[in-house]
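*Asks:* I'd like to ask you about the structure that follows.
Residue numbers (the numbering used here): 1132 to 1429.
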């Protein structure tokens, strides 16, 4: 098995079709065009009614150009969102997963929880791998992620030739996959046009590595520090959630970067004392996040 090629969409340069918009540039072009047609007009007088009409026209043109920019972004995998992304993914035979089905029996009815855009976008990138039944890493990962909406992440490796080990991280709780989820993935990977005849596939749950985040932040003297502490705590929680993935180490630099919000003078990171290293079949799980305020240094 070979690893699938990965393109970091966030590193792509801005497409030429999306133009930079500037109201003053558009207005100047309209004024120049009008003066060329009517030389008696003085473009320097802002009080002229014609100047106001040109300003309105320039603004309306900028709105139209912005709409064209939005339409161009809607057909780019890197930038499409919502229903636009659904249609792009459909071109690659990839549908948005249902994580939690809708429930019409509740009052009011509960809407379905759907796969977020970033995950659908990543699976769409893997879609071409699904066309092979040669047992590539990308193909197994694509089909594993598509097997059930409860699958948060998956890693594929081959301990010995002919044996494929699929590690599944669940969305629920700490990420340990329940037996019914493992059975669903196994059944999906056992279809004839998914698994090569000569492969023996084993599906297992990720090994969860618990860790805690405890930090004391020291703010600069000034207004109330509570908003700064809240921002640092929220950023730390986001990073902890993002790191809840297979084979993702918890690095101290990532935690310091999250905690060092505007207004923070210094960060004392109590836990973890060192980076939390995990392997391909392991996933870190943040048990708790504690961010408190310390005394300012000055």
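We treat Cβ as the ideally placed atom computed from N, Cα and C, and that holds for glycine.
Consult DSSP for residue 1314 and reduce its assignment to one of helix, strand or coil.
*Replies:* Helix, per DSSP.
*Asks:* With burial defined as no fewer than 16 other Cβ atoms inside 10 Å of the residue's Cβ, what is the status of residue 1191: buried or exposed?
*Replies:* Under this definition residue 1191 is an exposed residue.
*Asks:* In the structure shown, what three-state DSSP assignment does residue 1424 receive?
*Replies:* Reduced to three states, the DSSP call for residue 1424 is strand.
*Asks:* Taking the alpha helix (DSSP H) that residue 1164 belongs to, which residues open and close that run?
*Replies:* Looking at the DSSP string, the run of the alpha helix (DSSP H) that includes residue 1164 is 1154-1168.
*Asks:* Go through the stretch 1201-1261 residue by residue and report every complete run of the alpha helix (DSSP H) that reaches 4 residues or more, in order.
*Replies:* Counting whole runs of 4 or more residues, the stretch 1201-1261 contains the alpha helix (DSSP H) stretches 1213-1221 and 1248-1257.
*Asks:* Counting C-beta neighbours from all protein chains within 10 Å, is the total for residue 1415 16 or more, i.e. buried, or is it exposed?
*Replies:* So residue 1415 counts as buried.
*Asks:* When you compare only the Cα positions, how much space is there between residue 1359 and residue 1341?
*Replies:* So the two alpha carbons sit approximately 27 Å from each other.
*Asks:* Just tell me which of 1252, 1215 and 1161 has its CA closest to the CA of residue 1141.
*Replies:* Checking every option, the nearest Cα to that of residue 1141 belongs to 1252.
*Asks:* Quick check: the stretch 1364-1375 against the stretch 1323-1336, are at least 3 beta-carbon pairs closer than 8 Å?
*Replies:* Contact between the stretch 1323-1336 and the stretch 1364-1375 is absent, because fewer than three Cβ pairs lie under 8 Å.
*Asks:* Can you pull the DSSP bridge partners for residue 1191?
*Replies:* Looking at the DSSP assignment, residue 1191 forms no beta bridge with any residue, so it has no partner.
*Asks:* If I follow the unbroken alpha helix (DSSP H) through residue 1386, where does it start and stop?
*Replies:* First-last of the alpha helix (DSSP H) with residue 1386: 1383-1390.
*Asks:* Rounded to a whole number of angstroms, what is the C-alpha to C-alpha distance between residue 1357 and residue 1407?
*Replies:* Roughly 29 Å separates the two Cα atoms.
*Asks:* Less than 8 Å separating the beta-carbons of residue 1202 and residue 1211?
*Replies:* Their beta carbons are not under 8 Å apart, which means residue 1202 does not touch residue 1211 by this criterion.
*Asks:* Can you tell me whether residue 1089 is buried or exposed? The criterion is at least 16 other CB atoms within 10 Å of its CB, across all chains shown.
*Replies:* Missing from the structure shown is residue 1089; the chain here goes from 1132 to 1429 and no further.
*Asks:* Pick out whichever of 1334, 1318 and 1263 has its Cα sitting closest to the Cα of residue 1284.
*Replies:* With distances taken between Cα atoms, residue 1284 lies closest to 1334.
*Asks:* Quick check on this structure: which residue in 1338, 1352, 1243 and 1225 has the alpha carbon closest to the alpha carbon of residue 1233?
*Replies:* When only C-alpha atoms are compared, the closest one is 1243.
*Asks:* Near residue 1147, which residues of its chain fall below 8 Å by C-beta distance, leaving aside the five closest residues on each side in sequence?
*Replies:* Cβ neighbours of residue 1147 beyond the five flanking positions: none.
*Asks:* Ignore the nearest five residues each way along the sequence and tell me which others in residue 1290's own chain have a CB closer than 8 Å to its CB.
*Replies:* Counting only Cβ-Cβ distances below 8 Å, and skipping sequence neighbours, we find 1296.
*Asks:* Can you tell me whether residue 1314 is buried or exposed, with buried defined as 16 or more other CB within 10 angstroms of its CB?
*Replies:* When all chains shown are included, residue 1314 counts as exposed.
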